[in-house]
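Right, one structure below, let's go through it.
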Amino acid sequence: MVIASFVADLPLSSSNYVFYIAMPSSAISISSQTLRQVFSAVKRAQRTRTQEQILFQFIPAQLVYSLKFSSAGRGGVFAFACSIYNRILSPVDRVMSRQIVENSLRTRDFFQEPAFSLARPLHTKVHFVRQFPVLSLDVVDRHTLLHVGYRLSSCGKWAFACCVDQRGEAHDLAVWLLPNESPEAFIAQHLWTFVVGVAKRASVEWRIVIAKLGTMDTRELEGMPSSDLPRPYLIARHSMDVSTRYVSPVVHGASHGSR
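Given below as structure tokens:
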């Protein structure tokens, strides 16, 4: 077939080439010899221009001659256009100060850029409402992680805690002087009170992760609330998922234990 030679003769361009190949329904089958030949020709054509975006879209021939595209259904024109758009990858160039060896590193790659996605707005807007209880935030803010980390001082008399949300938009610090008797229960009680105070600042169904730098004592772990929280631990009428971790101070980044 002439597909490979036609693609090879195309002028260099930063635009995307999309070829629509209409085939009868009888030929769209794994056992079809015609379809295998077309696939082979498409593969050869793609190998001739590996650095450019060339897309081949197969469509049933009857769709070309019919007007059965429904904008409301999944097989409509909008869904068909979105499927083509999502398959066209966006080029991203890698910034380099200089090329050390010619053709040693690939400086351009292609990534998918969907037609639409669920994401937070670029500019956050503040809205004041007169209602109670306050409704939850946007759907993309549900089940956001709330990271809590704490450690003891080298003398063992002080406890330091830090709380930060998943996106790093809010944080808080706390320091406590530990008592001589039952410091583990003191830590568990005050740490959880600190976490609840931070979590109440936003109406979010938090997923709370509590981590300690160093070995977590059994009495500390037992003092932490489990995932089956009683009614008083509900924050802003939203449930929470709580897990605990302890991090070894020797091997940084390794986490052990869970609840």
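Mind the numbering: the sequence shown is residues 1291 to 1549 in our numbering, read in order. Glycine included, every Cβ here is placed at the ideal spot set by N, Cα and C. Fair warning: this is a prediction, and the values are worked out from it, not measured in the lab.
- The beta-bridge partner set that DSSP reports for Tyr1310 consists of Gln1347.
- With contacts defined as CB atoms closer than 8 angstroms, Leu1468 and Trp1448 qualify as a contacting pair.
- In the three-state DSSP reduction, Ala1460 falls in the coil class, being neither helix nor strand.
- Taking 8 angstroms as the upper bound for CB-CB distance, Ala1475 and Arg1509 are in contact here, some 6 angstroms apart.
- For Val1332 and Ile1311, the gap between their C-alpha atoms comes out near 10 angstroms.
- Across the structure, Tyr1440 and Lys1502 are spaced so that their CA atoms are roughly 5 angstroms apart.
- Of the residues assessed, Val1438 falls on the buried side of the cut-off, its CB having 16 or more other CB atoms within 10 angstroms.
- In this structure Ile1344 does not touch Val1292 by the C-beta definition: roughly 15 angstroms separates them, more than the 8 angstroms allowed.
- Take the alpha-carbon of Arg1398 and the one of Ser1407: they are about 24 angstroms apart.
- The DSSP-derived three-state label of Trp1466 is strand.
- DSSP places Gly1487 in the helix class (H, G or I) of the three-state scheme.
- Annotation: the continuous beta strand (DSSP E) that includes Ile1498 extends over Arg1497 to Leu1503.
- For Val1438, the uninterrupted beta strand (DSSP E) segment begins and ends at Leu1435 to Leu1442.
- The three-state secondary structure of Ser1330, taken from DSSP, is helix.
- Among the bridge pairs identified by DSSP, Ala1451 is matched with Tyr1440 and Ala1464.
- Beta-bridge analysis with DSSP links Asp1383 to Arg1398.
- The C-alpha of Cys1445 is placed about 26 angstroms away from the C-alpha of His1461.
- Per the C-alpha coordinates, the member of Gln1336, Phe1370, Met1313 and Asp1383 positioned closest to Gln1352 is Met1313.
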